[in-house]
Amino acid sequence: MRLLDLRVAARQLRADPFNASVLILGLALALAASYLLAVMLGERYRPDPALHEPERIVMLDFHGNMPGRQEDWFLGAPFALHEALQKSGAPLQHLSRSSNDWLTLRVGERQQRSAVLALDASAVELFGLRSLQGDLKACLSRPDTIVLRQSLARQLFGERPALGQLLHAGKHMLSVCALLADPGSQSTLREPAFIGFDSPAAELDEEMRSAWFQITGRIYGRLAPGASADQVGALAQALLDASPIMKQLPPDWTADGRKAAFMRALPITRLPFEGREGRLRVQALWALGGVAVLLLSLALLNFINLSSVRTVQRQREIAVRKSLGLGPLRLLLQFAAEAQLSIALAAALAVLLAWLMVPWLAGVLQLPVPDSLLQALPLLGLAAGCTLLGGLVCLYPAWLAWRQNAAAALQGRQASEGASGRWLRRTLTVLQFGVALLVCSLALILSLQNRHVLARDLGFDPRGVLALRMPDGASPALAEDLRQALAQRPEVQALAWSDSVPGSGRIEREGGFLRADLGSDGGEARKLRVVHVDADFFTLYRIPLLAGQLRTGEQDTVVLDLPALRALGWARAEQAVGQDLRLAYTGLAQRQQSWRIAALVPQQVLESTRQPSQPHAFALKRSEQVLATGRGAWVLNLRLREGEPASLARAEALIAPIWKRYVPDQALQLEAVEAAMQEPYRADLRLAELVTASSVLALALAGFGVYALAAYLVQRHARELVLRKLYGASAGQALTRLLREFAGLLLIAALLALPLSWWLGQSYLSQFADRAAMGLWPQALALLGLLLVSLIASLHHGLQAMAMRPVLALKS
27 MRLLDLRVAA RQLRADPFNA SVLILGLALA LAASYLLAVM LGERYRPDPA LHEPERIVML
87 DFHGNMPGRQ EDWFLGAPFA LHEALQKSGA PLQHLSRSSN DWLTLRVGER QQRSAVLALD
147 ASAVELFGLR SLQGDLKACL SRPDTIVLRQ SLARQLFGER PALGQLLHAG KHMLSVCALL
207 ADPGSQSTLR EPAFIGFDSP AAELDEEMRS AWFQITGRIY GRLAPGASAD QVGALAQALL
267 DASPIMKQLP PDWTADGRKA AFMRALPITR LPFEGREGRL RVQALWALGG VAVLLLSLAL
327 LNFINLSSVR TVQRQREIAV RKSLGLGPLR LLLQFAAEAQ LSIALAAALA VLLAWLMVPW
387 LAGVLQLPVP DSLLQALPLL GLAAGCTLLG GLVCLYPAWL AWRQNAAAAL QGRQASEGAS
447 GRWLRRTLTV LQFGVALLVC SLALILSLQN RHVLARDLGF DPRGVLALRM PDGASPALAE
507 DLRQALAQRP EVQALAWSDS VPGSGRIERE GGFLRADLGS DGGEARKLRV VHVDADFFTL
567 YRIPLLAGQL RTGEQDTVVL DLPALRALGW ARAEQAVGQD LRLAYTGLAQ RQQSWRIAAL
627 VPQQVLESTR QPSQPHAFAL KRSEQVLATG RGAWVLNLRL REGEPASLAR AEALIAPIWK
687 RYVPDQALQL EAVEAAMQEP YRADLRLAEL VTASSVLALA LAGFGVYALA AYLVQRHARE
747 LVLRKLYGAS AGQALTRLLR EFAGLLLIAA LLALPLSWWL GQSYLSQFAD RAAMGLWPQA
807 LALLGLLLVS LIASLHHGLQ AMAMRPVLAL KS
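Residue numbers (the numbering used here): 27 to 838.
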């Protein structure tokens, strides 16, 4: 390839700036998406570079096997296993425990709620942690110190030196004794602050440390020489089976040799792919990678189409060069130079677009911004890939140019690309249409399902309701004082307690209920979902009572929804009010209780659309009952009066002064209930956002493909169009041939792509128990959208052909 080839390639781009710009932009967008996703996938599959032999570091993992429940691996283990492994002489080195929690860190008037990891000092060697300042291992061995990342230290102390400074972590005073660099995108431990595992600020009581069926953290270790993960997993399983807790379990948990739980040793190199969130994230990356490949294919097909059109238009130029001795190899190198120049410009623009897009994409996928985006190895991979693509896309235009008759072209007789060339072009166009239809249909399916999720009838009204989480260790007296202070504000309309934000799925509690009026022969217990609330909950969420009444302060009473009424065998609400139920909680802490039915409400939908709807029992509690555990899990639901702005910022400004009066050492935790309810669907919303953006790009690329094809068809049929017009045909009649060819190609693409999109859509919707009724509307709308884009894209060339002077068309 010579400099002259590049000069000719640059001249070709300048000769048609509009088409060249659109082509390079479309290719740059597709390359940017492919490059970004390739980098992110690569980082998921590459371990933390700071770790030595990361495949030998394992995490102990627990899987509950309680009867009647389908559970996933917890990605954690009971801390009681740590001591048992040490006593058993397990083949593990640097055995370390970790527990993650959120604490309010306070320095003077500055407050920052931050994730804090309680960690054993042995983790320093295990994870290869290196401090910028201070002795990290000594810090994690002391109960009164904290380690900060650089960014968090700047937020708390500004430009002052942080080492040796004091701060409040919740109720505890700690000294900053070491600083760590901010984590890389592949770091295993990403928390901004660390404390010793035995630090009082970790608030890990003896029950949490010794319980076998309480998962509050992780246990890591490095395999000793010669040991395997399977060997350690088998040992952990044996220790669990021999633990004292097994004798305290209900008989059905271990009947007939049944395992009450399973243990495994999981290499941390597999952590990014484990758990529901990890699997969904990797699946989304692969799915989006497939979409990016499809978009790249569209852009390359456009490139081939346009290059072919240009080749036909340049017949005389190519004929002159061939007559001057241009051989097939030199002709191929010329077309390769033209392709490489366009793709190189697109690649440069793609790197810039990827750099601009990466914060948005990382936020959507909830992944760290990749450090390797602009590193040498990925960029070299991009350059190699672009070089290969340039070599491939130039083959067909070069072959087309070489087979043209030079003598005929020099005599002014324009040749076409032949029957085989036309069929190849039609095939490429069908592929373009098919990919666009497939991506657009899937985007519509995801959007309609998400719209259904957000608009479904829940039985309660969360609009405008805010949830205020109680501070860590809040006493019932403090919580009630806080509630009374908020109730005195004229802007507040209603307040109510609940054990969690309704519909968020953060707490799931089930119980088996029996009707007391049927005696001991009441039959099999009916499983209901149990939600703890106070009597004001129903008024705040505008849930009407169908029967019965509620009295503030009542104890041992329950409110049922209609599905629960029917599950227990009553036909009418009036029959159930006042009746007693016997309740046995399912789970490890099984206990029985007798409750009286106080009222009935309509069906409540607190499950995500992936879960089948359950019957509900609302257990009524008083404030001293709801906060008796002191763990701060309960929330105070708050609704402002009509006419008051319900924005989060407005509510924070209202509540903050009262909060500081009662809880000066902890940050305010306020969230909108509607936003919290969307947490189970955020992955779906993010996926729909990405696929929608891809569908817009696919439509644009398909439209440009139609634009290039229309340019070729108009050039090829110019004489025919003019002659039809001269013989009295209208504009519509003259363009019939052009429109007929587009319609045929679009029909073939629809027959191929729409059934596939329907099948993929049904596969996606099969994971939902509550689905949107959409029929074939997504496919129909995608087809209509592509038809409109095709008409708009071809309209320019069609009108240009009809405005052509007959003498020019006949002369050429």
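Using N, Cα and C, we set each Cβ at its ideal position, and we do this for glycine too.
In this text the structure is predicted, and so the values were computed from the model without any measurement.
Determine the direct distance from the alpha carbon of PRO423 to that of ASP42, and round the result to whole angstroms.
Taking the first residue of the sequence shown as 1, we reach residue 42 at position 16. Taking the first residue of the sequence shown as 1, we reach residue 423 at position 397. Distance between the alpha carbons of ASP42 and PRO423: 17 Å.
Could you have a look at GLU633 and say whether DSSP puts it in helix, strand or coil?
Counting from 1 along the sequence shown, the entry for residue 633 is found at position 607. Three-state DSSP puts GLU633 in coil, outside helix and strand.
Strictly by DSSP, which residues pair up with ARG132?
By one-based count along the sequence shown, residue 132 stands at place 106. In DSSP, ARG132 forms a bridge with GLN137 and HIS194.
Rounded to a whole number of angstroms, what is the C-alpha to C-alpha distance between ALA698 and LEU480?
The residue given as residue 698 occupies position 672 in the sequence shown. The residue given as residue 480 occupies position 454 in the sequence shown. Cα to Cα, the separation comes out at about 14 Å.
The alpha helix (DSSP H) spanning MET289 covers which residue range?
Numbered from its first residue, the sequence shown carries residue 289 at position 263. From DSSP, MET289 is part of no alpha helix (DSSP H) but of the beta strand (DSSP E) over 287-293.
Option in ALA520, LEU382, ALA714 and GLU550 with minimal Cα separation from LEU662
Sequence index remark: in the sequence shown, residue 662 carries index 636 (1-based). Per the Cα distances, ALA520.
Just curious, the beta strand (DSSP E) that VAL584 is in, first and last residue?
The count along the sequence shown starts at 1 and reaches residue 584 at position 558. Following the DSSP letters along the chain, one finds VAL584 inside the beta strand (DSSP E) bounded by residues 583-587.
Beta-carbon within less than 8 Å of LEU357's beta-carbon, same chain only, minus the 5 sequence neighbours each way: which residues are those?
Taking the first residue of the sequence shown as position 1, residue 357 is located at position 331. Contacts found: ILE344, ARG347, LYS348, ALA424, ALA427 and TRP428.
Host beta strand (DSSP E) of ILE533 (start-end):
For this step, residue 533 is matched to residue 507 along the sequence shown. Unbroken run through ILE533: none, as it is neither H nor E.
May I ask you to verify whether the region 618-638 touches the region 590-603, counting CB pairs closer than 8 Å and requiring at least 3?
Using a Cβ-Cβ distance cut-off of 8 Å, the region 618-638 and the region 590-603 are in contact, since at least three pairs of beta carbons, one from each stretch, lie closer than that value.
Using 8 Å as the Cβ pair cut-off and three pairs as the minimum, do the region 481-495 and the region 564-572 touch?
When Cβ pairs closer than 8 Å are counted between the two stretches, the region 481-495 is seen to touch the region 564-572, the count reaching three or more.
Please classify ALA219: is it buried, with 16 or more other beta-carbons within 10 angstroms of its beta-carbon, or exposed?
Within the sequence shown, the letter at position 193 stands for residue 219. Per the 10 Å Cβ criterion, buried.
contact_flag[the region 286-304, the region 46-66] where n(CB pairs < 8 Å) is 3 or more:
Between the region 286-304 and the region 46-66 there are fewer than three C-beta pairs closer than 8 Å, too few to call the two in contact.
In whole angstroms, give me the CA-to-CA distance for GLN137 and GLN510.
Against the sequence shown, residue 137 aligns to sequence position 111. Against the sequence shown, residue 510 aligns to sequence position 484. For GLN137 and GLN510, the distance between alpha carbons rounds to 25 Å.
In this structure, how does DSSP classify PHE44 when only helix, strand and coil are distinguished?
Mapped onto the sequence shown, residue 44 falls at position 18. Correct three-state label for PHE44: helix.
What's the call for SER122, buried or exposed, on a 16-neighbour Cβ count within 10 Å?
Residue mapping note: residue 122 aligns to position 96 of the sequence shown, counting from 1. SER122 should be labelled buried.
Quick check: what's the CA-CA separation for LEU249 versus GLN257?
Here the question's residue 249 lines up with position 223 in the sequence shown. Here the question's residue 257 lines up with position 231 in the sequence shown. Computed Cα separation, rounded: 10 Å.
What's the C-alpha gap between LEU408 and LEU145?
Sequence index remark: in the sequence shown, residue 408 carries index 382 (1-based). Sequence index remark: in the sequence shown, residue 145 carries index 119 (1-based). About 40 Å.
To the nearest whole angstrom, what separates the beta carbons of GLY196 and THR130, a pair I think is in contact under 8 Å?
The sequence position of residue 196 within the sequence shown is 170, counting from 1. The sequence position of residue 130 within the sequence shown is 104, counting from 1. At roughly 6 Å, the Cβ-Cβ gap stays under 8 Å, so GLY196 and THR130 are in contact.
Three-pair Cβ contact test at 8 Å for the region 683-691 versus the region 357-372
Taking a cut-off of 8 Å on C-beta distances, the region 683-691 does not touch the region 357-372, as fewer than three cross pairs fall below it.
What does the alpha-carbon distance come out to for the pair PRO703 and GLY315?
As a first step, residue 703 must be located in the sequence shown, where it is residue number 677. As a first step, residue 315 must be located in the sequence shown, where it is residue number 289. The displayed chain sequence assigns Met, not Pro, to residue 703. So the two alpha carbons sit approximately 29 Å from each other.
Through-space distance from GLU506 to MET496, alpha-carbon basis:
Locating residue 496 in the sequence shown gives position 470, where the first residue counts as 1. Locating residue 506 in the sequence shown gives position 480, where the first residue counts as 1. Their Cα atoms are separated by approximately 11 Å.
Burial state of ALA102 (16 or more Cβ within 10 Å):
As a position in the sequence shown, residue 102 is number 76, starting the count at 1. The residue asked about is misnamed: residue 102 is Gly in this sequence, not Ala. Classification of GLY102: buried, given that the 10 Å Cβ count is 16 or more.
By DSSP, does LEU566 sit in helix, in strand, or in coil?
Within the sequence shown, numbered from 1, the residue matching residue 566 stands at position 540. In the structure shown, LEU566 sits in a helix (DSSP, three-state: H, G or I).
Selected residue, minimal CA-CA separation from LEU292, among GLU81, LEU367, VAL202 and ALA798:
Along the sequence shown, one-based indexing puts residue 292 at 266. Ranked by Cα distance from LEU292, the first of GLU81, LEU367, VAL202 and ALA798 is GLU81.
Have a look at TRP128, GLY411, GLN341 and ALA675 and flag the residue whose alpha-carbon is nearest the alpha-carbon of GLN692.
Here residue 692 refers to the residue found at position 666 of the sequence shown. With respect to the C-alpha of GLN692, the residue from TRP128, GLY411, GLN341 and ALA675 having the closest C-alpha is TRP128.
Residue span of the alpha helix (DSSP H) that contains SER524, given as start and end:
Here residue 524 refers to the residue found at position 498 of the sequence shown. Careful: SER524 lies outside any alpha helix (DSSP H), inside the beta strand (DSSP E) at 518-524.
From LEU786, ILE369, VAL308 and PRO354, residue whose alpha carbon lies closest to that of GLN805:
Here residue 805 refers to the residue found at position 779 of the sequence shown. When only C-alpha atoms are compared, the closest one is LEU786.
Under 7 Å between C-beta atoms of LEU771 and VAL456
Working through the sequence shown from its first residue, we reach residue 771 at position 745. Working through the sequence shown from its first residue, we reach residue 456 at position 430. Closer than 7 Å, so yes.
Return helix, strand or coil for LYS553, following the three-state DSSP convention.
Taking the first residue of the sequence shown as position 1, residue 553 is located at position 527. Strand at LYS553.
Three Cβ pairs or more, each shorter than 8 Å: is that satisfied between the region 233-241 and the region 147-167?
No, the region 233-241 does not touch the region 147-167.
Which of the three DSSP states, helix, strand or coil, is assigned to TRP238?
In the sequence shown, the residue the question calls residue 238 occupies position 212. Collapsing the DSSP output to three states places TRP238 in coil.
How would you label ARG186, buried or exposed, when you count the other beta carbons within 10 angstroms and need 16 or more for buried?
One-based indexing of the sequence shown puts residue 186 at position 160. Counting C-beta atoms within 10 angstroms of its own C-beta, ARG186 has fewer than 16 neighbours from the protein chains shown and is therefore classed as exposed.
Anyone know if the C-beta pair for LEU727 and ALA374 falls short of 7 Å?
Mapped onto the sequence shown, residue 727 falls at position 701. Mapped onto the sequence shown, residue 374 falls at position 348. Not closer than 7 Å, so no.
Buried or exposed: which applies to ALA402, given that a residue is buried once 16 or more other Cβ atoms fall within 10 Å of its Cβ?
For the purposes of this step, residue 402 is taken as residue 376 along the sequence shown, with counting starting at 1. With fewer than 16 neighbouring CB atoms inside 10 Å of its own CB, ALA402 falls in the exposed class.
Given a cut-off of 7 Å, decide if GLN341 and ALA798 are closer than it, judged by their beta-carbon atoms.
Taking the first residue of the sequence shown as 1, we reach residue 798 at position 772. Taking the first residue of the sequence shown as 1, we reach residue 341 at position 315. With contacts defined as CB atoms closer than 7 Å, ALA798 and GLN341 fail to qualify as a contacting pair.
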